[in-house]
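Working notes for the structure below.
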Amino acid sequence: MAANGEAVKTEHLTKVYRDFWGRDKVRALDDLNLTIHRGEVFGLLGPNGSGKSTTIKLLLNLIFPTRGSIKVLGRDPDDGEVKQRIGFLPEESYLYRFLNGEETLYYYGKLFKIDRRTLQRRVPELLDIVGLDAKARKRKLREYSKGMARRIGLAQALINNPDLILLDEPTTGLDPIGTREMKDLILSLKQQGKTVLLCSHLLADVQDVCDRITILFRGKMQTLGQVSELLQVRDIAQIQAKGLNEQQLEEVRQFVQRLGATQTQITHPTTTLEDLFVRVVRQNTGQDIGAGTVAYAGASAEETASGKSKS
Amino acid sequence: MDFITNNLALVLGAAIVVIGLFVFGIRDLARFSLVRTWAISGVCFDESIRRRVLWITPLAILGVIIVSQLTRPFDEQDVIRQTAKFSLFATGMVVAVVIIILAATNLPREIENRVIYTIVTKPTTRLEIIVGKVLGFARVSAAILLIMGLFTWGYLGVRAMTLQRQIRADLESGTLTAAHEATLRHYAEYGLLTAKNYAWPDQLQVYARAPEGDTYWFRGDSEGSIAIPFEYSAEDFIAPGQRSLEDGSIVVLIANLVYDQEDEVYEPDLLTELGVPTTQSSAGVGLPAPMLKPVPRIIVEVLDQMGQTVIAPQQIEGVQRGVALPRGGGEVRVVFSPQQAVQLASLGRFFIQITGITPGTTYGVRMPKAPEESPVFLWLTGVQSGQGRAMHPTQLPDERPLILFHGRRGSYGQQLPGAADSRTVAIYRFRDAHPKLINDGKVPFEMRIGIERSGAEADDPEFTRFEMVVVNRATGQASEPTIVRADSNRNTYFELPAAMMEGGDFDLVIRNTTRGHWAGLREQSVQMVVGNDLFGWNLFKSLLILWLMSVLVVIVAIFCSTWLSWPIAVILSVVILLGHWGVQQIGDVGNELGRQVAQEMFPTGAPQARVISTSVNAMTEAVRVVGSFLPDISRFSATDDLVNGVSIPALRVGDAARVAFGFGLPLMVLAYVILRNKEVAP
Chain A
0 MAANGEAVKT
10 EHLTKVYRDF
20 WGRDKVRALD
30 DLNLTIHRGE
40 VFGLLGPNGS
50 GKSTTIKLLL
60 NLIFPTRGSI
70 KVLGRDPDDG
80 EVKQRIGFLP
90 EESYLYRFLN
100 GEETLYYYGK
110 LFKIDRRTLQ
120 RRVPELLDIV
130 GLDAKARKRK
140 LREYSKGMAR
150 RIGLAQALIN
160 NPDLILLDEP
170 TTGLDPIGTR
180 EMKDLILSLK
190 QQGKTVLLCS
200 HLLADVQDVC
210 DRITILFRGK
220 MQTLGQVSEL
230 LQVRDIAQIQ
240 AKGLNEQQLE
250 EVRQFVQRLG
260 ATQTQITHPT
270 TTLEDLFVRV
280 VRQNTGQDIG
290 AGTVAYAGAS
300 AEETASGKSK
310 S
Chain B
0 MDFITNNLAL
10 VLGAAIVVIG
20 LFVFGIRDLA
30 RFSLVRTWAI
40 SGVCFDESIR
50 RRVLWITPLA
60 ILGVIIVSQL
70 TRPFDEQDVI
80 RQTAKFSLFA
90 TGMVVAVVII
100 ILAATNLPRE
110 IENRVIYTIV
120 TKPTTRLEII
130 VGKVLGFARV
140 SAAILLIMGL
150 FTWGYLGVRA
160 MTLQRQIRAD
170 LESGTLTAAH
180 EATLRHYAEY
190 GLLTAKNYAW
200 PDQLQVYARA
210 PEGDTYWFRG
220 DSEGSIAIPF
230 EYSAEDFIAP
240 GQRSLEDGSI
250 VVLIANLVYD
260 QEDEVYEPDL
270 LTELGVPTTQ
280 SSAGVGLPAP
290 MLKPVPRIIV
300 EVLDQMGQTV
310 IAPQQIEGVQ
320 RGVALPRGGG
330 EVRVVFSPQQ
340 AVQLASLGRF
350 FIQITGITPG
360 TTYGVRMPKA
370 PEESPVFLWL
380 TGVQSGQGRA
390 MHPTQLPDER
400 PLILFHGRRG
410 SYGQQLPGAA
420 DSRTVAIYRF
430 RDAHPKLIND
440 GKVPFEMRIG
450 IERSGAEADD
460 PEFTRFEMVV
470 VNRATGQASE
480 PTIVRADSNR
490 NTYFELPAAM
500 MEGGDFDLVI
510 RNTTRGHWAG
520 LREQSVQMVV
530 GNDLFGWNLF
540 KSLLILWLMS
550 VLVVIVAIFC
560 STWLSWPIAV
570 ILSVVILLGH
580 WGVQQIGDVG
590 NELGRQVAQE
600 MFPTGAPQAR
610 VISTSVNAMT
620 EAVRVVGSFL
630 PDISRFSATD
640 DLVNGVSIPA
650 LRVGDAARVA
660 FGFGLPLMVL
670 AYVILRNKEV
680 AP
């Protein structure tokens, strides 16, 4: 880990795609200076073709920069030590379709040289966390639904108990419960001090979990900052109160107008559709939605403490 | 410096490995993990198996069974040989095709469907990815070879058992011919699944009569010849007193020969045709016999070291109709022009071949003990009289004689004509060949020859009879003649007395006693059996060689797939694997190709023809250079030995391993370097 607590740092990072003859074709990323701090959940936003995927690929050494430098956990991105400590969930779960869920995790575990005994404990644990039941674990990935594929993809990204997790569109293909679980998991990872880089089109998801975000457009950084600060509307105040009747509400409105407010509006807050969906399903199944996430947090912490994850 | 020039491919390969691993890949080499590599190979293997690649083996097995049942073998041993041949051919085909497709498509597919993202973002190095994939597909080919090998072993075992039962029944019936019975007894004794070790003769000479004293004889009537090896550099051909070859050198062949003629009367027409001087124009009635004998003549030609004619008799001044020997024998001289001297100078090693062309005549030459004593040599004339220099024959390796005696070349090798009283003999020389399998004082031998028959003259339509005599070179003792009957292109099994082979240095003298039969002999047509290995072990060695070939195929295919799309990678892999062989075919045409193409395109236009000829030859040369760097897949031929029941020498396995890894290792490192610098995200 970098001494100054930087999980990712890019300086003047530029990527130009060239054609067969070496001529510039597309400038996908232009002079990106970005710092992601350790322990934060960082959102990378932007429309299609803005350079989000290019940034992730550069951080993972899948492609090489045309100009500029990258430090991931204080080292070059092709450093073995770095790869030992990162987890990556690609945009779609690009996995071996002929392996089953368990075999997939064992395979990726071996790539981290995790010993068999540790894997025997961690694999079922991770499968529980991502919500793949015993039957699903033995099925080939080619038989998985999109949601199941995301879940197993997430499990492989966490197999090494990483310090930095890059999640590319993590909620794509997940149902609302799965989305909620994913967001809970991200928050749980944050609680464990891990850094999460989240790349998503679903802005609501980003808003729910991210500490800071940046918005890219045409390869350039447009905005960077705390989510709360960036979304704040400073000339409008919001008061929340519980247990007031209509008459008391009217008194509040008059009081506020006397203070000089030009526009006043009193409404009843609505919950999100996601919250409603989760509540309905929970009531009908008695399922504890966040149980897996909590269990993972406990197990990971324990393993981290005992240092059982081998490099 | 010479070592580098002579071993350019080896030096280049070593440089690629050292630079690739220790300059580009030192970090990845230091981090190399067998656990990760094995895991990657395991996924390749599992994927192939789950894609039902092995389902092709039952199909191949079915094909082998059907084809082997439809063939028409000529005897019991041939049944086994043909079955083994089909089985190994099918095995090689299945392995090569499956592996090349699997290996060439794997990496491009993983990049295309982005599975590679989840691999390269883990601590795996690209070196581990390449090695893991090679290992994985090598495991797949091993699985295919194991299944096909077990089938081959079992199927051949069952067939051999059934045939042995039939052989025993035939032998008990007592209705067989002598030759057939000898063969079947051999099969019954040694079995049909053999893996024999042989001692091979190291030379074959065909003489007009068995050598006596120091004069050796070759046949006339264009049925016999002698070849004398010379090996000199171009500088050696510069005439004394001259500065360069272009100044003109004249080379003279000097040969001291004797002859012997039969007392025969020739028809006048034939005599005229042969240019024989006669005292009368009518038939030679009343003339004394010596006057009727034709003048003994010889022709001379130059052969390169592959035995191809470089300077034909028609091209040598005064040789067209033959050079006459002096009456009673003596010295003949043949002059090569300065242009031909330049040609000789460019050859390095060449042979002067002297052929006796006169019917009813045998030619004799004294066998020299040292090159300086040779009765046949070249004389390089000097500018001034007395300045000339002798160029003596060159001693070939393996103690070969300075003069090589040949029979006429037929379809199956040097011809040994048959006659009840034939004096012509073929002598196989065995050196350091110690008998090991001795049964009742006899040593088993095998012979496989081709026989050409003249229907009108043949006195045995089926078999050819040979008289075999073993002569111990140390003691001079000779065995009693053994009569052997042989059929064309079939193995003949016979036994010869071990007593004459003590010390391991002996000659096998063969005389063909069947009139109208010409036996075609090659240097390795006869061999002594010195051991019999287990067939299963031989099959294992054969499969091991096939596996080594498949490893090379995997490496080539993966190398191509690191920088090409898979269809192109498959094609390029095939080109690389077959390139050396293809270039060898062009090599046989040599510089003639340019001339042929030019002649076809511009039969009359000399300047254009020269341009085309030079261009084609330059391209041919470039292709030849490229070909010399490609792997020689002929080194993976293990089928022939197994099919012929010959024990595969460990050296051959080593040779296959040398080609597989000598070419494969640098290519694997190149594949790694390419992948290391490749952006795997499309």
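Just so you know, the protein sequences line up as chains A and B, in that order. Each residue of the first sequence is one higher than the last, beginning at 0 in numbering that gives the first Met the number 0. Each residue of the second sequence is one higher than the last, beginning at 0 in numbering that gives the first Met the number 0. Ideal Cβ positions, reconstructed from N, Cα and C, are used throughout, including at glycine. In this text the structure is predicted, and so the values were computed from the model without any measurement.
Original post:
Thr123 (chain B) touches chain A at which residues, Cβ-Cβ below 7 angstroms?
Top reply: Under the 7 angstroms cutoff, chain A gives Leu110.
**OP:** Using a Cβ cut-off of 9 angstroms, pull out every chain A residue sitting near Asn105 (chain B), in sequence order please.
**Re:** Per Cβ cutoff of 9 angstroms: no residues; Asn105 (chain B) is ~11 angstroms from chain A at best.
Subject >> For Thr263 (chain A), the first and last residue of its enclosing alpha helix (DSSP H) >> reply: Careful: Thr263 (chain A) lies outside any alpha helix (DSSP H) and carries neither H nor E.
Original post:
Going by the beta-carbon positions, is the gap between Val424 (chain B) and Ala103 (chain B) smaller than 8 angstroms?
Top reply: no
**OP:** May I ask which residues mark the beginning and end of the alpha helix (DSSP H) holding Gly50 (chain A)?
**Re:** Counting along the chain, Gly50 (chain A) falls outside any alpha helix (DSSP H), and DSSP gives it neither H nor E.
**OP:** Consult DSSP for Ser172 (chain B) and reduce its assignment to one of helix, strand or coil.
**Re:** helix
Original post:
Where does the unbroken alpha helix (DSSP H) through Val208 (chain A) begin, and where does it stop?
Top reply: Leu202 to Val208
Original post:
Would you call Ile265 (chain A) buried or exposed, if buried means 16 or more other Cβ atoms sit within 10 Å of its Cβ?
Top reply: exposed
Original post:
Any Cβ of chain B within less than 8 angstroms of the Cβ of Tyr143 (chain A)?
Top reply: no
**OP:** Please confirm whether Val529 (chain B) and Pro434 (chain B) have their CB atoms less than 8 angstroms apart.
**Re:** yes
Subject >> Classification of Gln76 (chain B) by the beta-carbon crowding that lies within 10 angstroms, buried from 16 upward >> reply: buried
**OP:** Determine the extent of the beta strand (DSSP E) in which Arg447 (chain B) is found, giving its start and end residues.
**Re:** Its beta strand (DSSP E) spans residues Lys441 to Arg447.
Original post:
Which of helix, strand or coil does DSSP assign to Ile402 (chain B)?
Top reply: Here Ile402 (chain B) sits in coil by DSSP.
Original post:
Quick one: does Ser32 (chain B) have its CB under 8 angstroms from some CB of chain A?
Top reply: At a cut-off of 8 angstroms between C-beta atoms, Ser32 (chain B) counts as an interface residue with respect to chain A.
Original post:
Would the beta-carbon of Thr600 (chain B) fall within 8 angstroms of that of Ile611 (chain B)?
Top reply: The identity of residue 600 (chain B) in the sequence shown is Met, whereas the question assumes Thr. Cβ atoms of Met600 (chain B) and Ile611 (chain B): closer than 8 angstroms.
**OP:** Could you pull out every residue in the same chain whose Cβ sits closer than 7 angstroms to the Cβ of Leu520 (chain B), ignoring the five residues on either side in sequence?
**Re:** Contacts found: Leu203, Gly412, Gln413, Leu415, Ala425 and Ile448.
**OP:** Indicate whether Ile62 (chain A) and Ala680 (chain B) have their beta-carbon atoms separated by less than 8 angstroms.
**Re:** yes
**OP:** Determine the extent of the alpha helix (DSSP H) in which Val525 (chain B) is found, giving its start and end residues.
**Re:** Looking at the DSSP string, Val525 (chain B) is not in any alpha helix (DSSP H); the run it does join, the beta strand (DSSP E), is Val525 to Asn531.
**OP:** Alpha carbon to alpha carbon, how far is Gly212 (chain B) from Gln339 (chain B)? Give it in angstroms, no decimals.
**Re:** 36 angstroms
Subject >> Contact set for Gly321 (chain B): own chain, Cβ-Cβ below 7 angstroms, skip 5 residues either direction >> reply: Arg296, Ile297, Ile298 and Ile356
Original post:
Between Ile632 (chain B) and Asp640 (chain B), is the Cβ-Cβ spacing less than 8 angstroms?
Top reply: No; because the gap between Cβ atoms is not below 8 angstroms, this pair is not in contact.
Original post:
In terms of alpha-carbon separation, which member of B:Leu542, B:Ile450 and B:Gln342 lies closest to Gly515 (chain B)?
Top reply: B:Ile450
Original post:
Whose Cβ in chain A lies nearer than 7 angstroms to the Cβ of Glu46 (chain B)?
Top reply: Tyr95 and Phe97
Original post:
Which residues in the same chain as Phe23 (chain B) place their Cβ atom closer than 6 angstroms to its Cβ, once the five residues preceding and following it in sequence are excluded?
Top reply: Closer than 6 angstroms at Cβ, skipping near neighbours: Val672.
Original post:
What number of angstroms, rounded off, separates the C-alpha of Gly406 (chain B) from the C-alpha of Gly578 (chain B)?
Top reply: 37 angstroms
Original post:
Using the C-alpha atoms, what's the distance from Gly503 (chain B) back to Glu620 (chain B)?
Top reply: 46 angstroms
Subject >> Contacts of Gln155 (chain A) in chain B (Cβ-Cβ under 7 angstroms) >> reply: Thr117
**OP:** Give the DSSP-derived three-state secondary structure of Trp216 (chain B) in the structure shown.
**Re:** strand
**OP:** Starting from Ile62 (chain A), find everything on chain B with Cβ-Cβ shorter than 9 angstroms and list it in chain order.
**Re:** Glu678, Val679 and Ala680
**OP:** State the DSSP-derived secondary structure class of Glu80 (chain A), mapped to helix, strand or coil.
**Re:** Assignment of Glu80 (chain A) by DSSP, reduced to helix, strand and coil, places it in the helix class.
Subject >> Cβ of Arg51 (chain B) within 8 angstroms of any chain A Cβ >> reply: no
Original post:
Would Val130 (chain B) count as contacting chain A if we go by Cβ distances under 8 angstroms?
Top reply: no
Subject >> Pair within 8 angstroms by beta-carbon distance, Pro392 (chain B) and Val375 (chain B) >> reply: yes
Original post:
Contact check, Val341 (chain B) vs Ala254 (chain B) under 8 angstroms by CB: the rounded distance?
Top reply: Between Ala254 (chain B) and Val341 (chain B) the Cβ distance is about 22 angstroms, and since that is not below 8 angstroms, they are no contact.
Original post:
Quick one: is Ser187 (chain A) buried, meaning 16 or more other Cβ sit within 10 Å of its Cβ, or exposed?
Top reply: It is buried - the Cβ of Ser187 (chain A) has at least 16 other Cβ atoms within 10 Å.
Subject >> Nearest residue (CA-CA) to Arg80 (chain B), options B:Ala89, B:Thr123, B:Ser67 and B:Leu302 >> reply: B:Ser67
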